[in-house]
Structure formats: C-alpha cells, structure tokens
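In our numbering, the protein residues as written are 5 to 127.
The block underneath contains the structure these notes are about, expressed in structure tokens.
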Amino acid sequence: NRSEGSLHINKDFKPYMCLSEKCPQLDRGFANLDDWYDHMHKNHRTEWYSRTYLPSAWVCLVCRGRRGGFKQFDTPEELDEHFNVVYKFTDIQRQAIVCESRTYVKRNPKECLICCFAIETSD
C-alpha cells in the first residue's frame with residue numbers, strides 16, 4: 005500500500021530537515037510538515053527564511069569611499085572587471101580587493117530558498 009509506505013518513510017527516515025544554518029539541532033529530522041514548520045517558527049522565528057543561506061554579493065569599496073554610495077555586483081568576476089575598467093588597478097591589487105569585498109545580501113522574500121526561482125503568488 006502506497007500510503008503505508010509513505011508513513012513508514014516519514015516516521016522512520018524523517019525527511020523534513022531544519023534549514024537554518026545555525027540550528028543546534030541541524031541533523032534532526034521531522035516526520036511531517038507540521039512538525040518541521042513548528043520547529044522553524046518556534047526555534048528560528050518568522051524571519052528565519054530571510055536569514056538562511058544568504059546570497060553573496062561583491063561591493064566596490066572604492067566607489068563607496070569616493071562617491072558616498074557603492075556599486076554591487078553578483079559575481080567576483082564582475083567586480084574584477086569593474087576595477088579593471090574604472091580604476092585600472094593591477095591584477096594583484098584587484099585580486100586583493102575582490103577577496104575582501106564579499107558581503108551577504110537579504111534574500112528576496114519571493115524567492116525559493118532551495119532552488120532560487122521566483123515564487124508566484126496569486127493576489
């Protein structure tokens with residue numbers, strides 16, 4: 005029976021895992037979605053989603069210092085190209101600055117935590 009098989013999998017393997025990187029019970033599984041959801045909200049508050057597996061970004065610290073703002077790039081290669089074109093830094097200078105320029109940005113609340121695709125909502 006398919007239903008009995010699903011119950012066995014859920015009960016014995018507990019396939020729902022905590023997604024918070026800082027959870028002291030990271031290896032704990034949950035047998036059903038309700039238990040998992042309850043754990044996520046009781047232990048990691050409702051903001052857990054926006055603070056888990058944060059996407060990386062690279063910022064130009066030189067623009068920030070000179071112009072009072074900053075430019076943000078999706079990859080270190082884009083930032084490296086920016087330094088090469090705009091500031092004419094040497095390879096070694098660019099490499100050193102890019103290594104120190106990684107930051108983490110807030111996750112889009114309409115983005116799936118697992119696959120990063122946009123979540124469509126019906127209004």
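For every residue, glycine included, the Cβ atom is placed at its ideal position computed from N, Cα and C.
Given the structure is predicted, the values throughout are model-derived calculations rather than measurements.
Between the region 80 to 94 and the region 23 to 41, the count of Cβ pairs shorter than 8 angstroms is below three; the stretches do not touch. Taking the CA atoms as reference points, Asn47 sits about 10 angstroms from Trp40. A residue is called buried when at least 16 other Cβ atoms come within 10 angstroms of its Cβ; Phe121 does not meet this threshold and is exposed. In the structure shown, Val66 adopts helical secondary structure according to DSSP, grouped into three states.
Note that the region 105 to 118 touches the region 50 to 57; at least 3 beta-carbon pairs, one per stretch, sit closer than 8 angstroms. A residue is called buried when at least 16 other Cβ atoms come within 10 angstroms of its Cβ; Cys64 meets this threshold and is buried. Here Arg98 has Asp84, Phe87, Asn88 as same chain residues with Cβ atoms under 8 angstroms from its own Cβ, once five neighbours each way along the sequence are excluded. Inter-residue distance for His43 and Phe74 is about 38 angstroms (C-alpha atoms, whole angstroms).
Residue state for Ala100 is assigned as helix, using DSSP reduced to three classes.
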